[in-house]
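For reference, the structure is listed below as structure tokens.
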Amino acid sequence: MKKPEVTLRNHEAVYEYYAQYEQPKVGAYIGHKAMSLMFRPNVEYAEGAQQTARDILNNDGRL
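As structure tokens, then:
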């Protein structure tokens, strides 16, 4: 199946294409590795949020 043009009017063909699409695993792995080297997330918590999350999880809660 040929990759359809992505437009709002063509949404059904785009959906059908990607529903059947299988991403090449090696290409995805290499792409994810490259992106992880280029972009490093910086996670910061509000004061007390980290401890609150730990308390919830320690009491069998869910986040």
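Going by the working numbering, the sequence shown opens with residue 69, and the numbers climb by one from there. Ideal Cβ positions, reconstructed from N, Cα and C, are used throughout, including at glycine. Computed from a prediction, not measured in an experiment: that's the story for all the values here.
According to DSSP, simplified to helix, strand and coil, what is residue 80? Taking the sequence shown and counting its residues from 1, one reaches residue 80 at position 12. Of the three classes helix, strand and coil, the one that applies to residue 80 here is helix, per DSSP.
Which stretch, first to last residue, makes up the alpha helix (DSSP H) that contains residue 94? Position 26 of the sequence shown holds residue 94. It spans 93-106 - the alpha helix (DSSP H) in which residue 94 sits, taken as one unbroken run.
Whole angstroms is fine: what's the gap from residue 102's alpha carbon to residue 93's? Position 34 of the sequence shown, counted from the first residue, corresponds to residue 102. Position 25 of the sequence shown, counted from the first residue, corresponds to residue 93. Each residue's alpha carbon lies about 14 Å from the other.
DSSP three-state label for residue 123, please. Taking the first residue of the sequence shown as position 1, residue 123 is located at position 55. It is helical.
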